[in-house]
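Asks: Chains A and B are the protein sequences, given in the same order. So the first sequence is numbered by my numbering: it starts at -3 and just counts up by one. So the second sequence is numbered by my numbering: it starts at 3 and just counts up by one. Where a beta carbon is used, it is the ideal one built from N, C-alpha and C, also for glycine.
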Amino acid sequence: MTQDEARTKLNAMSMALTAQRAKAIDPAARKALLDQINQIEDQLDSLAVLDAQQTAQAIDQATDRLEALMMTAQVNPFDPAIQRSFKAVADKAVQAADSASKAFAAQEFRATEKDAPEVLVDFTPPAPVGAAPAPVPAPAAGELPPIVKGSALAQLARDYTLCWAACRINPDKQSQVAAAADQMLKGRARYVAVSARTNGVPWQLIGIMHGLECGYNFFKHLHNGDSLAAPTHQVPAGRPPGWDGTGTWEDSAEDAVRLKFANITNWSLPQTLYALESFNGFGYRPHGVRSPYLWSLSNLYTKGRYVADHVFDPESVSKQVGSALVLKVLEQRTLWP
Amino acid sequence: MIVQRSVIAALFALLLGMAGCGPSIPRDQVQRANAAYEAVAARSEPVLTELSIAERRTFVRTLASGGAPRDGDIVIPPTFDPKSAVYFSTIGDPVLTTSLRRALGIVGDYFKLLAALAEGRNIDEAKAQINALAGSVAGVITVATGGAGLPIVAIADKLAPLIERWAEAKDAEELRRLVLEGEPIVKSLIVSLQSASSTMYETLTREPMRAVRTTLADNAAARHTAFVQMAESNTSLADYVVLLGKLNDTLSALAAAVRSPGSPLALSSLAASADSVLIQARAASGAIALIKAGRAP
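(1) Using CA atoms only, rank isn't needed, just tell me which of B:Ser235, B:Pro210, B:Asp30 and B:Thr237 is closest to B:Ala224.
(2) Measure from the C-beta of B:Ala219 to each C-beta in chain A and report whether the shortest distance is under 9 Å.
(3) In or out: B:Arg208 buried (at least 16 other Cβ within 10 Å) or exposed?
(4) In this structure, how does DSSP classify B:Val77 when only helix, strand and coil are distinguished?
(5) Between which two residues does the beta strand (DSSP E) containing A:Phe308 stretch?
(6) Mind checking who A:Tyr302 pairs with in its DSSP beta bridge?
(7) Is there at least one Cβ from chain A nearer than 9 Å to B:Leu98's Cβ?
(8) Using a Cβ-Cβ cutoff of less than 6 Å, which residues in the same chain neighbour A:Gln200 once the five nearest sequence positions on both sides are dropped?
(9) Which residues in the same chain as B:Thr99 place their Cβ atom closer than 8 Å to its Cβ, once the five residues preceding and following it in sequence are excluded?
(10) For chain B, check one thing: does any of its Cβ atoms lie closer than 9 Å to the Cβ of A:Ala102?
(11) Can you find a CB in chain B that lies within less than 9 Å of the CB of A:Ala225?
(12) With a threshold of 16 other CB atoms inside 10 Å of the CB of A:Ala44, please say whether the residue is buried or exposed.
(13) Using the beta-carbon of each residue, which ones in chain A are nearer than 7 Å to B:Thr201?
(14) List, in order along the chain, the chain A residues whose C-beta lies closer than 7 Å to that of B:Tyr112?
(15) Should A:Ala54 be flagged as near chain B, meaning a C-beta pair shorter than 9 Å?
(16) In angstroms, rounded to a whole number, what distance separates the CA positions of A:Phe119 and A:Tyr280?
(17) Considering only their Cβ atoms, is the gap separating A:His219 from A:Gly183 smaller than 9 Å?
(18) May I ask you to verify whether the stretch 264 to 276 of chain A touches the stretch 311 to 330 of chain A, counting CB pairs closer than 8 Å and requiring at least 3?
(19) Check the C-beta distance from A:Val173 over to A:Val317 and give it rounded, since I have them as a contact under 8 Å.
(20) What number of angstroms, rounded off, separates the C-alpha of B:Ile125 from the C-alpha of B:Arg178?
(21) Cβ atoms of A:Thr(-2) and B:Ala219: under 9 Å apart, would you say?
(22) Spatial neighbours of A:Cys163 within its chain, please: CB distance less than 8 Å, with the 5 preceding and 5 following residues excluded, ordered by chain position.
(23) Between B:Leu239 and B:Leu206, is the Cβ-Cβ spacing less than 9 Å?
(24) Measure the alpha-carbon distance for B:Asp111 versus A:Lys256 and round it to whole angstroms.
(25) By the criterion of Cβ-Cβ separation under 9 Å, what are the contact partners of B:Phe229 in chain A?
(26) With DSSP collapsed to three states, give me the class of A:Ile36.
(27) Measuring only the C-alpha atoms, how far is A:Gln103 from A:Ser223?
(28) Report the neighbours of B:Thr60 on chain A: residues whose CB is nearer than 7 Å to its CB, in chain order.
(29) So which residues of chain B does A:Asn34 contact, with C-beta pairs closer than 7 Å?
(30) Check whether chain C comes within 9 Å of A:Glu37, counting only Cβ atoms and requiring the distance to be less than that.
(31) Quick check: the Cα distance between A:Val313 and B:Gly107, rounded to an integer number of angstroms?
(32) In this structure, does DSSP put A:Lys256 in helix, strand or coil?
(33) How should A:Lys19 be labelled, buried or exposed, when 16 other C-beta atoms within 10 angstroms of its C-beta is the threshold for buried?
(34) Run down chain A in chain order and give the residues with a C-beta less than 9 Å from the C-beta of B:Ala105.
(35) Taking 8 Å as the limit between beta carbons, can you name the residues of its chain near A:Leu6, skipping five residues before and five after?
(36) Identify each residue in the stretch 57 to 83 of chain B for which the Cβ-Cβ distance to at least one residue of chain A is less than 7 Å, and report them in chain order.
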C-alpha cells in the first residue's frame, strides 16, 4: 500500500468513526470512539511528517540542478577575455625584466597543507629491486595499523589496504563528509568525460582532485587551481603547453591527469590512495602522523598539520575532509570502485 | 621595446575582439519574468510561514503520541536528537519549509541574475577590476622598462566605451545561455514545487482537521473557525500553484524571445503571461479576505 493509499484509508476510517461518535449517546462509547480516532490521527500525523521529509528530498534534488547551473554563470563579462589579455601583457613584462621576475619569484604564496617539504624523508630501507615489499604485520582487531614511513608505492601498498579497512569516519562528521561527496558528484559527468579522455583514470579520483585543487570551480586549472584565463603560473607552471585561454576545463584537466598519472593503468585501491597522498606529499609520515589530506575527520587522524611552508605544527588540527573519506562515502553508495 | 610592442599588440587584439557584436539583450522580457517571480515569492511567503509552524506542531504531536513527556500543550523529547533539532530550533525552519525556501530562493537568484545581466549591473564592478589590472600592468612595465612605461591607464580610460559595449554583448551571450540551459531545469523545479503542494496542504490542514474530528467535534462555532482556516490554506496554496504555473509560462515565453529575438509572437506572449501573473497575484489577497468574511470567493 502506498503512503497516499494509506492516508486515504486512514482518513476515511477517522471520518466514519467521527460520524459514529456524533450519533453516540453513551459517554463510555463516545470515549472509546474518541480513543480510536486519536490513534488513527496519530498515524496520519506520522505519515505527514514522513511525507514532508521525502518531499523535501525530491525538491532538494531538483534545486541542486539549478544551483549547479548557477555555479557556471559567468557574471564577470571580462572573464576570461580581457583579464586574459591584461594578464598576458603582465606576464610578458615580467619575463622581460629580471628584476620584476625576481620580485614575482620571491613572493610568498598562501600557506596551505599542500606545502609539505619538497624533500621527502624516507626512513625505511629501500626495497631490493624485484623483491617483495617488506611485510607489515596486520593490526589486532580494533587496533589501528602502524604508521609506515616511506614514499614508494611498494612500501606503502599494504599500509593503504590496512588503513582503508580500519578507517571509520568520525560519527559527528558523517554529514560533513557526505556533503563533500555530494558536492563532488555534481560534476560527475565532467569527470567521467575526462576519465574517458585519459585511458580510464578513475573519475572519482579526478573529482576529488578537482575539489582539493580548485574547490570544484570549473574556471580553474585542475593542475593547481590557477585561473583558466592563462597558462598555470604556480607549480607546475606553464601548463597546458600552448594554452591560450580559449580551451575548456576538460582540455586542461586532460593535460593535468596525463601529466600526473602517465603510464598508470592499474587503478587498485593502494594505487589510488598513493596518487592522492602524492599530491600533497609524504611529509607527514616522518612526523608519525597520517596525512590529513587522506584521513582527516576519521579515526586515523587526530592532529598535526603543516601550517606554513615547511612548518609542521603537531597540535594544529586539519578541518578539511580527507580525500579517502570521500571515496569511503562513494563506496557506501556503490559508486566506488 | 619588446614589451611595448607586446602591450600594443595585446591591446590591439583586444580592440579587434570588441569589434564583434553579440545578440541583443531582451531587457524588457527579463524584467517581466523577474516581476513574475516576485509575484510568486510574495504569495508563497505567508504560506511558508504557516507551513513552518504546522511542520513543527505535527512533529511535536508525533512525539507526544510516541510517549514523550508532556504537560498540557508542552511536549519535550525524552532524549535530545540532533536530527530533530530543526523542529524545535528558533533558528531556521523544519525540513520541508527549508527545502521550499531554498528552492524558491535559488529560482529567485536565477531570475535576479538574468536581470543583472540584462541591465549590465555587473559591468561597473568588472570595469573597476579592469582599471585595477591596467594599473598593475602599468606598474610592472614601468619596472621592466626602467621607468619608460606606457600610459596603460589612460589607454584603458579611452577604451572604456568600447569595453562597455563589448561587455554588454558578452552579458547578452551569457544571458542567452542561462535562459536556454536553465529553461528545462527551472521548469522541472517548478513542477516539483507544484507537486509538493499536496504535502504542504496535508501538513497545513493536519492540525485543524484533527481538531474537528476530536477536540472541536462538539463545538460548532470552533469547528467552523477550523474549516475557515483550512479553506484559507486551500486558497493560498491554490493561488501559489497557479502562480507557479504562470511563472512557468513566462519562462517559456522568455526562452522563446531569446530563441527568436524580436519575434512579435514571442514578445506579445511574454507580455500577456507576465501581466496575467501580476493581475492574478493582486486578486489573490482579495479572495482570502472574502473567505474570512464568510463568503465564497
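Replies: For this structure:
(1) Here the question's residue 224 of chain B lines up with position 222 in the second sequence. Sorting B:Ser235, B:Pro210, B:Asp30 and B:Thr237 by C-alpha distance to the C-alpha of B:Ala224 places B:Pro210 at the top.
(2) Position 217 of the second sequence, counted from the first residue, corresponds to residue 219 of chain B. For B:Ala219, the answer is yes, since a Cβ of chain A falls inside 9 Å of its Cβ.
(3) Working through the second sequence from its first residue, we reach residue 208 of chain B at position 206. With 16 or more other Cβ atoms within 10 Å, it is buried.
(4) Numbered from its first residue, the second sequence carries residue 77 of chain B at position 75. In the structure shown, B:Val77 sits in a strand (DSSP, three-state: E or B).
(5) Locating residue 308 of chain A in the first sequence gives position 312, counting from the first residue. Element bounds for A:Phe308: Val307 to Asp309.
(6) Residue 302 of chain A sits at position 306 when you count from the first residue of the first sequence. Partner(s): A:Phe308.
(7) The residue labelled residue 98 of chain B in the question sits at position 96 within the second sequence. For B:Leu98, the answer is yes, since a Cβ of chain A falls inside 9 Å of its Cβ.
(8) One-based indexing of the first sequence puts residue 200 of chain A at position 204. Setting aside the 5 residues that flank it on each side, A:Gln200 is surrounded in the same chain by Leu326 and Trp332, each with a C-beta closer than 6 Å to its C-beta; the list follows chain order.
(9) Start at 1 with the first residue of the second sequence, and residue 99 of chain B comes out as number 97. The answer, listed in chain order, is Leu50, Leu53, Ser54 and Glu57.
(10) Taking the first residue of the first sequence as position 1, residue 102 of chain A is located at position 106. Residue placement at A:Ala102 is poorly supported in this model, since its pLDDT is 45, which falls under 50; the coordinates still yield a value, given next. Taking Cβ atoms only, chain B never reaches closer than 9 Å to A:Ala102, which makes this a no.
(11) Against the first sequence, residue 225 of chain A aligns to sequence position 229. Look at A:Ala225: its C-beta is not under 9 Å from any C-beta on chain B.
(12) Counting from 1 along the first sequence, the entry for residue 44 of chain A is found at position 48. That one is buried.
(13) Sequence index remark: in the second sequence, residue 201 of chain B carries index 199 (1-based). Ordered by position in chain A, the residues that pass the 7 Å Cβ test against B:Thr201 are Asp47, Ala48 and Thr51.
(14) Walking along the second sequence from the start, residue 112 of chain B turns up at place 110. Those are Leu62 and Met66, listed as they occur along chain A.
(15) For the purposes of this step, residue 54 of chain A is identified with residue 58 of the first sequence, where counting begins at 1. Yes, contact with chain B.
(16) Along the first sequence, one-based indexing puts residue 119 of chain A at 123. Along the first sequence, one-based indexing puts residue 280 of chain A at 284. Low confidence applies to A:Phe119: its pLDDT is 32, below 50, so where it sits in the model is not reliable enough to give any reading.
(17) Indexing the first sequence from 1 puts residue 183 of chain A at position 187. Indexing the first sequence from 1 puts residue 219 of chain A at position 223. It is not a contact, given that the beta carbons lie outside the stated cut-off.
(18) yes
(19) Position 177 of the first sequence, counted from the first residue, corresponds to residue 173 of chain A. Position 321 of the first sequence, counted from the first residue, corresponds to residue 317 of chain A. The Cβ separation is near 5 Å, so the contact holds.
(20) Residue numbering aside, residue 125 of chain B sits at position 123 when the second sequence is read from its first letter. Residue numbering aside, residue 178 of chain B sits at position 176 when the second sequence is read from its first letter. About 17 Å.
(21) The residue labelled residue 219 of chain B in the question sits at position 217 within the second sequence. The residue labelled residue -2 of chain A in the question sits at position 2 within the first sequence. Not a contact, by the Cβ cut-off of 9 Å.
(22) On the first sequence, position 167 is the one that residue 163 of chain A refers to. Cβ within range, chain order: Trp291, Ser294, Asn295, Leu296, Ala320, Leu321 and Lys324.
(23) In the second sequence, residue 239 of chain B corresponds to position 237, counting from 1. In the second sequence, residue 206 of chain B corresponds to position 204, counting from 1. Contact: yes.
(24) Here the question's residue 111 of chain B lines up with position 109 in the second sequence. Here the question's residue 256 of chain A lines up with position 260 in the first sequence. Rounded to the nearest whole angstrom, the CA to CA distance from B:Asp111 to A:Lys256 is 38 Å.
(25) Translated into positions along the second sequence, residue 229 of chain B becomes position 227. In chain order: nothing, as chain A lies at least about 14 Å away.
(26) Residue 36 of chain A sits at position 40 when you count from the first residue of the first sequence. In this structure, A:Ile36 counts as helix in the three-state DSSP scheme.
(27) Along the first sequence, one-based indexing puts residue 103 of chain A at 107. Along the first sequence, one-based indexing puts residue 223 of chain A at 227. Confidence at A:Gln103 is low in this model, with a pLDDT of 41, below 50, so the placement of that residue should be treated as unreliable; the coordinate-derived value is given next. Separation of A:Gln103 and A:Ser223 (C-alpha to C-alpha, rounded to the nearest whole angstrom) is 18 Å.
(28) Here residue 60 of chain B refers to the residue found at position 58 of the second sequence. Going along chain A in sequence order, the residues near B:Thr60 (Cβ under 7 Å) are Asp41, Ala44 and Val45.
(29) In the first sequence, counting from the first residue as 1, residue 34 of chain A sits at position 38. Chain B residues near A:Asn34: Thr216.
(30) Protein chains in the displayed structure are A and B, and chain C is not among them.
(31) Start at 1 with the first residue of the first sequence, and residue 313 of chain A comes out as number 317. Start at 1 with the first residue of the second sequence, and residue 107 of chain B comes out as number 105. Whole-angstrom Cα-Cα distance: 35 Å.
(32) Your numbering for residue 256 of chain A matches position 260 in the first sequence. In the three-state DSSP reduction, A:Lys256 falls in the helix class (H, G or I).
(33) Against the first sequence, residue 19 of chain A aligns to sequence position 23. Answer is exposed; the Cβ neighbour count stays below 16.
(34) Translated into positions along the second sequence, residue 105 of chain B becomes position 103. Under the 9 Å cutoff, chain A gives Ile55, Asp56, Ala58, Thr59 and Leu62.
(35) Reading the first sequence from its first residue, position 10 is the one you call residue 6 of chain A. For A:Leu6, where only same-chain residues beyond five positions count, the Cβ hits under 8 Å are Ile36, Gln39, Leu40 and Leu43.
(36) Glu57, Thr60, Phe61, Arg63, Thr64 and Ser67
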